[in-house]
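What follows is a single structure, written as structure tokens, with notes after it.
There are 2 protein chains.
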Amino acid sequence: MKIVIDAFGGDNAPLAIVRGGVDGLKETDGFSIIFTGKADEINKILDEYCPENLRSRIEIEDCSEVITNDDVPTTAIRKKTDSSLVKGFKLLKENEDVGALISAGSTGAVLTGATLKVGRIKGVSRPALAPVLPTVEGGNVMLIDCGANAECKPINLVHFAVMASNYMKVMYGVENPRVALLANGTEDHKGTPLTQETFAMLKQIDELNFVGNMEARDVLSGNYDVVVCDGFSGNICLKSLEGMSVSMMKLIKQGVMSSFKAKIGALFMKGVFKNLKKKMDYNANGGAMFLGVEGIVVTAHGAATEQTIKSTVLQAKEAVEGDVVGKIKKTLENVDFDSLVKADIL
Amino acid sequence: MKIVIDAFGGDNAPLAIVRGGVDGLKETDGFSIIFTGKADEINKILDEYCPENLRSRIEIEDCSEVITNDDVPTTAIRKKTDSSLVKGFKLLKENEDVGALISAGSTGAVLTGATLKVGRIKGVSRPALAPVLPTVEGGNVMLIDCGANAECKPINLVHFAVMASNYMKVMYGVENPRVALLANGTEDHKGTPLTQETFAMLKQIDELNFVGNMEARDVLSGNYDVVVCDGFSGNICLKSLEGMSVSMMKLIKQGVMSSFKAKIGALFMKGVFKNLKKKMDYNANGGAMFLGVEGIVVTAHGAATEQTIKSTVLQAKEAVEGDVVGKIKKTLENVDFDSLVKADIL
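Each protein sequence line maps, in turn, to chains H and D.
First residue of the first sequence: 0, per numbering that gives the first Met the number 0; consecutive thereafter.
First residue of the second sequence: 0, per numbering that gives the first Met the number 0; consecutive thereafter.
Structural data, given as structure tokens:
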């Protein structure tokens with residue numbers, strides 16, 4: 000099995016990307032990597048960083064172009080045909096043995112490219128971006144959609160639920176993932192027409208363990224395995240969590256710097272803060288999945304480091320081996336979507 | 000000037016509510032309080048807690064009923080006519096010298112009651128719930144709407160912006176409040192049709208310092224004085240911030256408890272954590288304003304303590320004295336809303 004890595008996407012590309020890929024190879028067997036991008040630059044990094052015995056597990060697809068954050072995604076995907084990203088998607092689409100693509104480049108371009116070049120899973124009209132966040136209780140929760148679709152229909156959210164539920168089963172061994180719908184209250188009737196109709200549909204799907212509406216304050220509580228929402232709300236939720244995390248770290252730092260006593264205390268608490276920072280650093284734990292396309296596509300944060308890419312490689316490998324895409328398809332086939340009507344939820 | 004306090008709303012009612020009101024009287028002159036609720040219970044608390052010299056600044060409106068969180072707001076407001084909340088609204092509506100109402104009771108009932116019994120400001124079809132949050136930089140930001148209206152039209156968000164901008168001017172002396180629109184990105188065209196149309200309208204209002212779209216990660220950054228959004232998004236934003244704050248405190252506590260060294264460190268850092276907790280405890284800093292009705296209505300958290308109520312009383316007093324409602328009306332009169340058309344924002 001092969002994983003394509005866009006070696007020229009992200010702020011630290013290509014150095015951190017290529018090194019991170021190599022680190023992934025060091026970590027475990029059973030797969031190889033195709034780096035896409037300027038071959039001479041990639042080779043230079045490999046010459047200096049890659050152990051001789053791993054070189055046979057690496058291929059390079061030479062590309063002359065790079066898609067940046069300044070490019071308009073749709074235009075770039077159409078016109079920059081010799082870019083590391085577009086060529087990567089081509090490899091994923093056309094080769095049976097290529098199972099995944101990873102990019103830390105422009106998220107918009109990755110989502111557009113995946114949809115246009117790789118194609119959607121039959122029946123899924125809206126693929127979704129879905130990061131997995133660590134909960135307070137030590138578990139994990141998938142937030143879907145967190146930004147791919149600002150506007151959604153109820154059926155889109157139902158698909159999100161099916162996809163994420165399968166993902167949590169495969170990747171984290173959660174037997175019967177608890178799926179909750181993000182709303183402005185826990186009562187059944189809460190929310191907008193979108194959440195109300197989605198609620199009614201989710202309730203009817205036997206393949207899902209739908210536990211009802213939830214509030215945003217409980218996303219990290221550990222009470223849920225999947226949080227379903229439209230991409231606008233999910234984006235606000237994810238970024239609010241991130242914003243508060245950054246703010247609190249800043250306030251603690253300010254407090255520590257303002258008193259000698261607190262500085263001493265911080266020294267003793269160094270381990271606690273290090274763990275906290277690590278736990279809150281979602282990027283270190285891999286990338287966000289783009290679920291709903293015909294292959295595993297993972298977007299890593301633009302600031303992705305070697306560690307990020309290594310984690311993302313292992314994540315992608317596991318998703319391919321666990322056949323996440325196949326399992327999503329199977330569940331979708333089992334659900335009679337046409338019969339899902341708006342039930343009375345009050 | 001008189002402030003009505005619903006003495007029987009909230010988990011700690013009536014003890015903490017009545018005491019908090021008295022503490023407000025102790026703090027400053029120039030106003031008096033009308034407590035609504037069971038007179039004998041209120042009197043008992045006053046006999047034990049209120050200094051003799053302050054009794055002349057307190058009136059009691061005897062009520063036999065209480066609206067609870069289990070009541071359906073609309074039904075309760077209509078039927079429980081002898082409740083502490085409904086009688087409070089009656090006082091606010093009918094008496095020129097009553098300027099504000101405070102309640103820590105059912106938020107739904109307070110919002111419904113304020114709209115039905117006190118009435119909306121002319122031209123404002125949707126009043127909004129708006130808490131003020133402390134920013135990292137030491138300033139404050141008003142988040143409007145954070146839950147009163149799950150569904151909004153662009154014109155509603157424009158009204159929210161006008162109301163909050165005036166509030167920040169009056170209450171925090173911000174000369175030219177920076178108003179931002181919450182979206183899933185900072186680019187002008189980002190968001191849903193709702194945010195896109197609102198963006199176009201806000202840009203045309205000279206009375207506002209509209210600075211564009213913003214992301215949820217920057218709510219507490221100190222870069223904005225007003226964050227405008229629909230009530231569903233605002234609710235998700237506010238509760239995500241709250242959730243992350245609680246989660247991080249929990250993780251720090253877990254870390255501290257797991258190591259002797261960290262326990263020592265935490266002792267030295269006690270002051271830092273105390274300040275952090277205080278800063279993150281929005282409830283200690285007063286209540287959320289319900290802007291858009293003909294009077295100052297403040298909802299305190301259900302778990303409101305004496306300190307919360309005292310802060311809320313001082314907040315309400317300042318809002319009445321600063322004529323927040325009058326200033327909102329004046330700005331609304333100056334804006335030619337009919338001419339606000341959807342401009343080209345791309």
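Don't be surprised by glycine CBs; every beta carbon is placed ideally from N, CA and C.
Residue i versus residue j - alpha carbon distance
| i | j | result |
| --- | --- | --- |
| L193(H) | F30(D) | 46 Å |
| V296(D) | A261(H) | 41 Å |
| N208(D) | C151(D) | 22 Å |
| K37(H) | K43(H) | 10 Å |
| T114(D) | G9(D) | 20 Å |
| T311(H) | G264(D) | 35 Å |
| A147(H) | I76(H) | 16 Å |
| G270(D) | L14(D) | 29 Å |
| Q314(D) | G23(D) | 10 Å |
| E317(H) | G98(H) | 10 Å |
| L290(D) | N212(H) | 28 Å |
| E360(H) | L142(H) | Because chain H spans 0 through 345 in this model, residue 360(H) falls outside it and cannot be assessed. |
| V173(D) | K92(H) | 55 Å |
| G112(H) | A302(H) | 20 Å |
| K361(D) | K328(D) | Outside the shown range of chain D, which is 0 to 345, sits residue 361(D), and nothing can be said about it. |
| F159(H) | D144(H) | 7 Å |
| S124(D) | E60(D) | 31 Å |
| T304(D) | F7(D) | 13 Å |
| G20(D) | G87(D) | 15 Å |
| M162(H) | G242(D) | 25 Å |
Contacts around residue i, its chain only, beta-carbon distance under 8 Å, and the 5 residues preceding and following it disregarded
| i | result |
| --- | --- |
| D81(H) | C62, S63, E64 |
Cβ shell of residue i (< 6 Å), same chain only, five flanking positions each side left out
| i | result |
| --- | --- |
| L345(D) | With a pLDDT of 44 at L345(D), under the threshold of 50, the predicted position of this residue should be treated as unreliable, and no value is reported. |
| G137(D) | none |
| L339(H) | M200, Q203 |
| D217(D) | none |
| F267(D) | none |
| D39(D) | none |
Residue i, DSSP secondary structure in three states
| i | result |
| --- | --- |
| F209(D) | strand |
| N139(D) | strand |
| G20(D) | helix |
| V292(D) | strand |
| L219(D) | coil |
| F159(H) | helix |
| P133(H) | strand |
| K168(H) | helix |
| D10(H) | coil |
| L345(D) | Residue placement at L345(D) is poorly supported in this model, since its pLDDT is 44, which falls under 50; the coordinates still yield a value, given next. It is coil, neither helix nor strand. |
| K25(D) | helix |
| D5(H) | strand |
Cβ shell of residue i (< 7 Å), same chain only, five flanking positions each side left out
| i | result |
| --- | --- |
| S164(H) | P176, V178, L207, V225 |
| G321(H) | V169, M170 |
| K278(D) | P133 |
| V135(H) | L219, S220, G221 |
| T197(H) | P153, L156, V157, L180 |
| V85(D) | I76, K79, G112, K116 |
| G254(H) | A261 |
Partners in chain D for residue i, counting only beta-carbon separations shorter than 9 Å
| i | result |
| --- | --- |
| L240(H) | A215, R216, S239, L240, G242, M243, S246 |
| G138(H) | Within 9 Å Cβ-Cβ: nothing; G138(H) doesn't reach chain D, min ~13 Å. |
Contact list for residue i against chain H, beta-carbon separation under 7 Å
| i | result |
| --- | --- |
| K249(D) | V135 |
| K260(D) | F267 |
| I263(D) | F267 |
| A149(D) | N183, G190, T191 |
| L271(D) | It is Val, not Leu, that sits at residue 271(D) in the sequence shown. Per Cβ cutoff of 7 Å: I251, G254, V255, A261. |
Proximal residues of chain D, C-beta to C-beta of residue i below 7 Å
| i | result |
| --- | --- |
| L181(H) | I235 |
| N274(H) | G254 |
| G146(H) | N183 |
Interface partners of residue i on chain H, CB under 8 Å
| i | result |
| --- | --- |
| S232(D) | F231, S232, I235 |
| K278(D) | L250 |
| L219(D) | G242, M243, S246 |
Closer than 8 Å at the beta carbon, the chain D residues around residue i
| i | result |
| --- | --- |
| T111(H) | Here the premise fails: no neighbours, minimum Cβ distance about 15 Å. |
Per-residue contacts from residue i into chain H (C-beta, under 9 Å)
| i | result |
| --- | --- |
| G211(D) | Ordered by position in chain H, no residue passes the 9 Å Cβ test against G211(D), which lies about 16 Å from the chain. |
Quiz item: Quick one: complete alpha helix (DSSP H) runs, 4+ long, within the stretch 42 to 130 of chain H?
Solution: 72 to 78, 83 to 93, 106 to 112
Self-check item: Contiguous alpha helix (DSSP H) assignments of at least 4 residues, all confined to the stretch 226 to 288 of chain H
Solution: 230 to 256, 259 to 267, 269 to 279
Quiz item: Fully enclosed by the stretch 308 to 338 of chain H, which alpha helix (DSSP H) runs are 4 residues long or longer?
Solution: 323 to 333
Self-check item: beta strand (DSSP E) segments (min. 3 residues) lying fully within the stretch 173 to 208 of chain H
Solution: 177 to 181
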